[in-house]
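Remarks on the structure that follows.
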Amino acid sequence: MSRDIHFSPPTRANQHIMSGLRQHSGPIRTFVKPEEVDGPDVVITDLKYIGSYNWTNNETPTMIVPGSPPIWRERPLPFSVPPDPSSMFIEPDAHWLLMTPLYALLRAVGVVAEMNADPMDWRSVDLVTDRNCLRNLLRWCGGSGKKPRDFRIDLQLAGQHTMLFSRFVTNYRHGVGAGVGQTYGFSFENESTIPAPGCENSIEHARIVKYNLSGMNLVVRFEVDACLASPAQSSTGVDDLASTMSDLSISSDVHSDAIRGTGVNRGSSPNEPRIIRAGTQVPDDAIVELATRSETSPKPFDWANSYPQLFFSQTPHHFLAMHSAGHISHIIKHHIDDPDLREVKQRAQRGFKKLKRLLEDIQDIVIEKGKSSRLSLVYRQGTLALYERASQGSYLPAHMLKQFD
395 MSRDIHFSPP TRANQHIMSG LRQHSGPIRT FVKPEEVDGP DVVITDLKYI GSYNWTNNET
455 PTMIVPGSPP IWRERPLPFS VPPDPSSMFI EPDAHWLLMT PLYALLRAVG VVAEMNADPM
515 DWRSVDLVTD RNCLRNLLRW CGGSGKKPRD FRIDLQLAGQ HTMLFSRFVT NYRHGVGAGV
575 GQTYGFSFEN ESTIPAPGCE NSIEHARIVK YNLSGMNLVV RFEVDACLAS PAQSSTGVDD
635 LASTMSDLSI SSDVHSDAIR GTGVNRGSSP NEPRIIRAGT QVPDDAIVEL ATRSETSPKP
695 FDWANSYPQL FFSQTPHHFL AMHSAGHISH IIKHHIDDPD LREVKQRAQR GFKKLKRLLE
755 DIQDIVIEKG KSSRLSLVYR QGTLALYERA SQGSYLPAHM LKQFD
């Protein structure tokens, strides 16, 4: 198995979406959905990988940097996977780093920049965000196949013009809702991949890229399901590699190192996670998004919702496993540049243009309010509004904020 989907630490209590906001005076702004936006297509250029990390199932917060996504096995078909667990631990960044959830992002970028002798210029960045924030705002703009669920994004200005978007987490566990039936997505990921050497006992792999979104410089963090095997791994055979790793008991060695601190960089304070330097910097063209779909589903696959997920992370590969009660019969593989996605990509432009306009409006407000302001975007009961937060706490420690000045 590629990651510990049964990892279940004592999780934090759920939070109300309006927790910590100044509600008595109401929102400082209520947003109206952007009208149709003319102009050239929104495009992504200058894509660059700048960091990555794995969270482990160690009881002490531990990151593997650069880490590696699980490796795609290319298993012979058909095969079967069990149903997903009824409840799963999610949101490790918010769980381990409640007060500074963007810390892991900047820490991983710093370690990788040191490895590559390629310093990161944070002052040139307009927005630091998780992919999920972009997808939620796009849904609100009407540019996706789904209406958004309630969400909150906490905002902060860093430097002169950089927006920090921090996704507010209300629930630290994922469960199958009543009436939904069995799901198989997490189990499919687990059964169709193996952990990369040095990344055993992982619970999640996060990747960080920077790019230019039609004039805005973004740094985006996102979870990666899998990666294609490197030529060396392919020649060895991925399943042979898994067997060898099992024989060598690599996972227990890594776990022991994390516990002892051997080969681990400790944080400068007790609240900072330990860093294990292991894994591989995986090329952009090897990243894979995995999905599952029941063969009995009456609706076509929702590319209007799924394509933006690939777009915002520039994930090139999408593997869709078709199954009947977990019995996987075939896997449909798409590349983001496939001709049959051309119409999907063109239809998505309407929403992308609206999102770009919205991000520009939000940036203007954040800059106007200044570094001392703590703001939150809340989508609730069909309305997107901007509130002030009561706390002046920062989502990054002071020494990291200085990198934006």
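Start counting the sequence shown at 395; every next residue gets the next number (our numbering).
Think of the CB as a built atom: it goes at the ideal place given N, C-alpha and C, for glycine as much as any other residue.
Residue(s) in a DSSP beta bridge with residue i
i, result
"Phe445", "Per the sequence shown, the amino acid found at residue 445 is Gly instead of Phe. Answer is Ile602."
"Thr439", "Asn606"
"Phe483", "Arg567"
"Gln550", "Leu558"
"Asn611", "Asn606"
"Asp679", "Bridge partners of Asp679: none, in fact."
"Ala685", "Leu714"
"Met794", "Paired residue(s): none; Met794 is not in a bridge."
Contact under 8 angstroms by Cβ, residue i with residue j
i, j, result
"Ala502", "Ser462", "no"
"Phe798", "Gly504", "no"
"Ala779", "Thr424", "yes"
"Asp619", "Val676", "no"
"Ile756", "Leu551", "no"
"Gly579", "Lys748", "no"
"Tyr781", "Pro542", "no"
Residue i versus the options, residue with shortest Cα-Cα distance
i, options, result
"Trp516", "Asn530, Thr556 and Asp755", "Thr556"
"Phe706", "Gln409, Asp432 and Leu441", "Leu441"
"Gln708", "Met514, Lys693 and Arg601", "Arg601"
"Ser788", "Gln703, Pro495, Ile759 and Tyr578", "Pro495"
"Leu607", "Phe545, Arg751 and Arg774", "Arg751"
"His721", "Val437, Glu689 and Phe713", "Glu689"
"Phe695", "Pro710, His711, Met716 and Ala680", "Met716"
"Ser481", "Thr439, Gln576 and Trp490", "Gln576"
"His728", "Ala680, His711 and Lys427", "His711"
"Gln627", "Glu583, Pro479 and Glu468", "Glu468"
"Asp435", "Phe559, Thr777, Ser785 and Phe746", "Phe746"
Cut-off 8 angstroms between Cβ atoms - residues of its own chain near residue i, not counting five sequence neighbours on either side
i, result
"Arg783", "Gly414, Leu415, Arg416, Asp548, Arg768, Leu769 and Ser770"
"Phe401", "Asn451, Phe483 and Ile597"
"Leu800", "Not covered by the structure: residue 800. The range shown for the chain is 395 to 799."
"Gly764", "Leu551"
"Gln786", "Ser766 and Arg768"
Same chain only: Cβ atoms within 6 angstroms of residue i, ignoring 5 sequence neighbours per side
i, result
"Met794", "Leu500"
"Lys604", "Lys442, Ile444 and Val613"
"Leu521", "Met557 and Leu612"
"His599", "Asn448, Gly461, Pro463 and Val618"
"Met412", "none"
"Ile726", "Leu714"
"Cys593", "Asn448, Ile458, Gly461, Ser462 and Gly673"
"Ser640", "Low per-residue confidence applies at Ser640: pLDDT is 45, beneath 50, and the placement is therefore not dependable, though the value from the model is reported in the following sentence. Correct list: empty, nothing qualifies."
Near the ligand FAD: residue i beta-carbon under 7 angstroms from a heavy atom
i, result
"Gln757", "As presented, the structure is devoid of all ligands, the ligand FAD included, so that no description of it is given."
To test your reading of the DSSP string, which unbroken beta strand (DSSP E) runs of 3 or more residues are found completely within the stretch 694–749? 711–718 and 721–729
Minimum length 3: unbroken beta strand (DSSP E) runs contained in the stretch 463–515: 481–483
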